[in-house]
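Chains as they are written, first to last, in this note's numbering: chain U, 1 to 97; chain E, 1001 to 1171; chain A, 2001 to 2660.
Structure first, commentary second.
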Amino acid sequence: MYLIPSLIMFGCGVYGFITRKNMIAILISLELMLNSVDINFVVFNRYLFPAQHEGMFFTLFAIAIAAAETAVAIAIIINVYRLAKNVDINQITKMKF
Amino acid sequence: MESLGNVIIYVIIALTIIVFSVLAVTTKKILRSATYLLFVLLATAAIYFQMDYEFLGATQIAVYAGGIVVLFVFAIMLTHKPGEDAAPLTSHKRILGLVACGAGVLLCGVALFGYAKFCSQSLPSMSDFTIDRLGEMLLSTDKFGYLLPFEAVSVLLLACIIGGVVIARKR
Amino acid sequence: MPLSSTIYVLAIPFFMFLFLGLVGVKMPRKITGVIGVLGMAVTTVWAYAIAFTYFFGNGEGQMLDGVRQQIVTTDWTWLSFYADKLVVRLGVLLDPISAMMLVVISTVSFMVHLYSLGYMSDHDGNPEKGFQRYYADLALFTFSMLGLVVSTNIFQMFIFFEMVGVSSYLLIGFYYGQQPANHASKKAFIVTRLADLFFLIGILILSFYTETFDFKEIMGANGHDVCNAFTSAQGLTFMGCSVTGWALTFIFIGGAGKSAMYPLHIWLPDAMEGPTPVSALIHAATMVVAGVFLVARLFPLYVLEQGAMDIICVVGAFTAFYAAAVACTQSDIKRALAFSTISQIAFMMTSLAVSSASGELIGGHEAGLGYMASMFHLFTHAMFKALLFLCAGAIIHAVHSNENSKMHGLHKYMPITSIAFLIGCLAIAGIPPFAGFFSKDEILVACYEKGIGWGLWMSMVAGMTAFYMFRIYYLIFFWKKHEVHGEHAPKDQPWTMTVPLIVLALISCVAGLVPFGKLVTWDGNQLETHLNLPVACASVGIALIGIGLATVMYWKENPLPDKLATMFKGLWTASYRRFYMDELYQFITHKIIFQGISKPIAWFDRTIIDGFFNLLGNVTNTASFGIRKMQSGNVQGYVSYYIIGAVLLAAVTGVVILCF
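Structural data, given as structure tokens:
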């Protein structure tokens, strides 16, 4: 049951990730996807294996890691903004090839 | 679904998630987007509470809603002039996004409704999972003990703190 | 001098090689030469002491019932495989022939070392470039050759066989700046290597059946007791011949390559591009007899394989004649001497091959005579041929040319060289009492015992030998008055070059009196030799006829040789062109092997194999350039590709799961 909103949340994340230009908006989409995956872990764990808690712990660590990742990503974005004076993903293509 | 109350709560949660997810990725104002994300995260925490994982829900609210969203807001403040709108989308990107998202959702939906019949069954009971036990498991080295990942995450967080400072620092 | 110290005879040249090769470059050239000579002097004295102890000492186990024993003085296990089933040893084996070879090698090598001090310098006595390298290579060669003769097993022998080949290559190509020297060294190396391939095959066959490399284990003590594995393997046949016959024939081919037997002789005349002392040491006295030594070493086996012996006999007799015929017309004195060397080595080979083993008396002579005669001739030939080459070197050093047309009438200018050369010529022609007479007489006796045809044939070749040697002699020292080319008239060379000539001339005079039959026989038994008067008289007569003919034709300038050359124009040209052997080889290698085999292989390699790998590289390269555009730096693009890919993968997986 809870998988349906989770699925839609993931789809929104994918859509946002591809269409958004602002790097912070992309990061927000990323958080959405991450969150939906977390929900999946918990739901599967809770419904299929109620005696064990691996999914729950997985989610716990995922949240911690997501926080770390977001912090680093935002640090990078701020640095990029300082260098390029904007946060448009289409302008930051220097690292190609 | 055993009770009407649960159904109502489920509907509220599901609607919140769906509506605010869509809004978060479609709104033009970036600060609003962050706010809608906050609502989605809170609804997710509500799911966790529904699943009897109170600690997880609390973590979700504290870390996500309390930490990450605030971080987003600061970042937006730092990188945007007030009142600035997101630039309009190009049509081919929108189509690409819709195709990718639609295909993914379709495929997962098919799999979900084809196989995951357990979704409709009632929540199985979960005995004996208190916050004490959770703490013990988190810090034990036995089977089902999570000390090693716990320590690994702590090191990761330390690295992130240092990395974040180094990267964002003015040179 | 205890026999166990034989190893030091090898060690000294080896350390001289290392020392001169590594440190010598930093030292003044003259000093390296002196060190080389002194080191070689010590080696020579030591080798003499060893040989004296071996032949005349009466230490423990040297003589048993009047039979001189083989003695293994050093024995190391070098490699051991398969639980000691396959063992390669290195050691020192003393027996009559190896003791004799120690004397020969060290004597000639010492003389050459001394001589080279003068030869490798200009007329003011300044050593030329590469002097240190020259002495280091000489030491390496001496070491390898000594190691070859004292080998305890056939594998060690092969190793040293290759090492003498390498040092010969280095020394022939000593003047590596000159194209002919480069070609000659490559030619020598490739031809002998081809022969060594057969040698190796022969070794493999032989040791496969006998299950050992060791001479003593194969042939028993003193060669009396050939092991059962060999005799039983004689029963096995392959393509009509016994496997041991094949093995021994292959081994002989290896020896024939080193000893320049027809048709593998082509490298030796070209090897004369090296410095003349090197020709004297390597290509006249020592290395080229390695093949003879190899056959002599395995003589107890060859005796049992009459087929292989017949092949050697025919090849030897033919080569002797062929080389003598070519030597009659060569104008380059070193080439002429080289063909003379080939002819004489063929004498030794033939002599070995006509020998039989049993101790019975045939016509008043013991049957092992051929073997003894061969070794005797090896000994005397090394001395007088080294003498002849060193004389030739002195002449070349004086007139700066190899062609006898640039010489003529040198007797007045270089009397010592002239007399030494004359002694060498008399010795090789077989005039008593010089060395060659005795050894050649024994060889002829052995041949006559084998059959009257062999004897007549070899006598004829002996007569030709006398003729061509005196032809060379007269053309160099007489014929007409010398025309001085260049600034100064030729004269006898400095003492470093003259002393070796005198010493070797003296040895050539007296070497024939060594009681060889008492000392060197194949089984250690003593052999009574006495002059076979009819044969001796006949051979001396033939030699005198040859000399007389040469005197008539070449003593004074006269038109007779030219007339004869015009009369037998075809024959003369063929002989001068060495019967077109080089052209034949050229044709076979260039037209047949290169065109027919190598070119297609090269084409296959360049087009198919290289092409395939180039194709791989090009495809990768082109493909990368093609798909480089996808790497746009646009993260969202990457994500779209990723998601589409993931979805497709999932869809395919789902379809597969549903369908099967």
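Glycine included, each C-beta is placed from N, C-alpha and C at the ideal position.
Within 8 Å, strictly: CB atoms of residue i and residue j
| i | j | result |
| --- | --- | --- |
| A:SER2259 | A:VAL2278 | no |
| A:SER2307 | A:MET2261 | Residue 2307 of chain A is actually Gly in this sequence, not Ser. No. Outside cutoff. |
| U:ALA64 | E:ILE1167 | no |
| A:TYR2371 | A:ALA2296 | yes |
| A:CYS2425 | A:PHE2470 | yes |
| A:LEU1991 | A:PHE2143 | Outside the displayed span of chain A (2001 to 2660) sits residue 1991 of chain A, for which this structure offers no information. |
| A:LEU2298 | A:CYS2391 | no |
| U:LEU32 | E:ALA1024 | yes |
| U:PRO5 | E:ILE1009 | no |
| A:ALA1948 | A:ILE2431 | No statement about residue 1948 of chain A is possible, as the shown extent of chain A runs from 2001 to 2660 and does not include it. |
| U:ASN102 | U:MET9 | A question about residue 102 of chain U goes unanswered here, because the residues of chain U that appear run from 1 up to 97. |
| E:LEU986 | E:SER1140 | As shown, chain E starts at 1001 and ends at 1171. That puts residue 986 of chain E outside it, with no answer to give. |
| A:SER2116 | A:MET2040 | no |
| A:PHE2230 | A:ILE2218 | yes |
| A:GLY2024 | A:TYR2135 | yes |
Cβ-based burial, residue i [other Cβ within 10 Å; buried from 16]
| i | result |
| --- | --- |
| A:GLY2359 | Bear in mind that the predicted position of A:GLY2359 carries a pLDDT of just 49, short of 50, making it too unreliable to give a figure here. |
| E:THR1044 | buried |
| A:GLY2125 | exposed |
| A:GLU2305 | buried |
| A:ILE2362 | Residue placement at A:ILE2362 is poorly supported in this model, since its pLDDT is 48, which falls under 50; the coordinates still yield a value, given next. Per the 10 Å Cβ criterion, exposed. |
| A:LEU2038 | exposed |
| A:ASP2196 | buried |
| A:GLU2273 | buried |
| A:GLY2364 | The pLDDT assigned to A:GLY2364 is 46, lower than 50, so where the model puts this residue is not dependable; a value taken from the coordinates is nonetheless given after this. Label assigned to A:GLY2364: exposed. |
| A:THR2566 | exposed |
| A:PRO2534 | exposed |
| A:PHE2208 | exposed |
| A:TYR2082 | exposed |
| U:GLN91 | exposed |
| A:LEU2020 | buried |
| A:TYR2638 | exposed |
| A:ALA2353 | buried |
| A:GLY2291 | buried |
| U:ASP38 | buried |
| E:MET1079 | Sequence check: residue 1079 of chain E is Thr here, not Met. Classification of E:THR1079: buried, given that the 10 Å Cβ count is 16 or more. |
| A:THR2212 | buried |
| A:ILE2203 | buried |
| A:PRO2490 | buried |
For residue i, the nearest candidate out of the options (CA to CA)
| i | options | result |
| --- | --- | --- |
| E:PHE1074 | E:GLU1054, E:ILE1030, E:GLY1145, E:LYS1093 | E:ILE1030 |
| A:MET2111 | A:ASN2058, A:LEU2387, A:LEU2003 | A:LEU2387 |
| A:VAL2445 | A:VAL2552, A:GLY2455, A:LYS2129 | A:GLY2455 |
| A:CYS2509 | A:THR2498, A:PHE2421, A:MET2497 | A:PHE2421 |
| A:SER2575 | A:LEU2549, A:ALA2327, A:MET2120 | A:ALA2327 |
| E:THR1130 | U:ASN79, U:ASN86, U:ALA51 | U:ALA51 |
| A:LYS2556 | A:ALA2505, A:PHE2230, A:LYS2480 | A:LYS2480 |
| A:TRP2267 | A:ALA2353, A:THR2212, A:LYS2216, A:PRO2180 | A:PRO2180 |
| A:ASP2075 | A:VAL2108, A:THR2231, A:THR2152, A:ALA2047 | A:THR2152 |
| A:LEU2114 | A:VAL2034, A:PRO2028, A:ALA2323 | A:VAL2034 |
| U:ILE28 | U:PHE41, U:ILE77, U:ALA84 | U:ILE77 |
| E:GLU1136 | U:VAL14, U:ARG20, U:VAL72, U:HIS53 | U:HIS53 |
| A:ALA2429 | A:GLY2024, A:LEU2236, A:ILE2472, A:ALA2398 | A:ILE2472 |
| A:GLY2548 | A:THR2622, A:ALA2247, A:PRO2269, A:GLY2463 | A:GLY2463 |
* **Any alpha helix (DSSP H) of 4 or more consecutive residues that is wholly inside the stretch 2509 to 2574 of chain A** => Counting only runs of 4 or more, we get 2516 to 2519, 2533 to 2554, 2560 to 2567.
* **Interface residues of the stretch 2630 to 2651 of chain A facing chain U [CB-CB below 8 Å]** => Within the stretch 2630 to 2651 of chain A, contact with chain U at the beta-carbon level (separation under 8 Å) is assigned to GLN2631, SER2632, GLY2633, ASN2634, VAL2635, GLN2636, VAL2639, SER2640, ILE2643.
* Asked: Any residues in the stretch 1145 to 1170 of chain E with a beta carbon nearer than 7 Å to a beta carbon of chain U? Which ones, in chain order?
  -> Flagged, chain order: TYR1146, PRO1149, VAL1153, LEU1156, LEU1157, CYS1160, GLY1163, GLY1164, ILE1167, ALA1168.
* Asked: Looking at chain E, which residues of the stretch 56 to 81 of chain U have a Cβ within less than 8 Å of any of its Cβ atoms?
  -> Answer in chain order: MET56, PHE57, THR59, LEU60, PHE61, ILE63, ALA64, ILE65, ALA66, ALA67, ALA68, GLU69, THR70, ALA71, VAL72, ILE74, ALA75, ILE76, ILE77, ILE78, ASN79, TYR81.
* **Runs of beta strand (DSSP E) lying entirely within the stretch 2198 to 2243 of chain A, each at least 3 residues, in chain order** => When DSSP assignments are scanned along the stretch 2198 to 2243 of chain A, no uninterrupted stretch of beta strand (DSSP E) that is 3 or more residues long falls wholly within it.
* To do: Check distances from the C-beta atoms of the stretch 1022 to 1041 of chain E to those of chain U and list, in chain order, the residues that come in under 7 Å.
  => Shown in chain order are the members of the stretch 1022 to 1041 of chain E whose Cβ falls below 7 Å from a Cβ of chain U: VAL1022, ALA1024, VAL1025, ILE1030, SER1033, ALA1034, LEU1037, VAL1040, LEU1041.
* Whole alpha helix (DSSP H) runs in the stretch 2273 to 2317 of chain A with 4 or more residues, listed along the chain? -> Runs of alpha helix (DSSP H) with 4 or more residues, each lying fully within the stretch 2273 to 2317 of chain A, are found at 2276 to 2280, 2290 to 2297, 2299 to 2304, listed in chain order.
* Runs of alpha helix (DSSP H) wholly within the stretch 2038 to 2121 of chain A (minimum 4 residues, chain order) -> The qualifying runs are 2096 to 2119.
* To do: Let me know the alpha helix (DSSP H) ranges lying completely inside the stretch 2134 to 2172 of chain A, each 4 residues or longer, listed in chain order.
  => Along the stretch 2134 to 2172 of chain A, the alpha helix (DSSP H) occurs as fully enclosed runs of 4 or more residues at 2154 to 2172, listed in sequence order.
* In chain order, what residues of the stretch 12 to 45 of chain U put their CB closer than 7 Å to some CB of chain A? -> Residues of the stretch 12 to 45 of chain U that bring their beta carbon within less than 7 Å of a beta carbon in chain A comprise VAL14, PHE17, ILE18, in sequence order.
* **4-residue-minimum alpha helix (DSSP H) runs that sit fully inside the stretch 2441 to 2488 of chain A, ordered along the chain** => Within the stretch 2441 to 2488 of chain A, the complete alpha helix (DSSP H) runs of at least 4 residues are 2452 to 2477.
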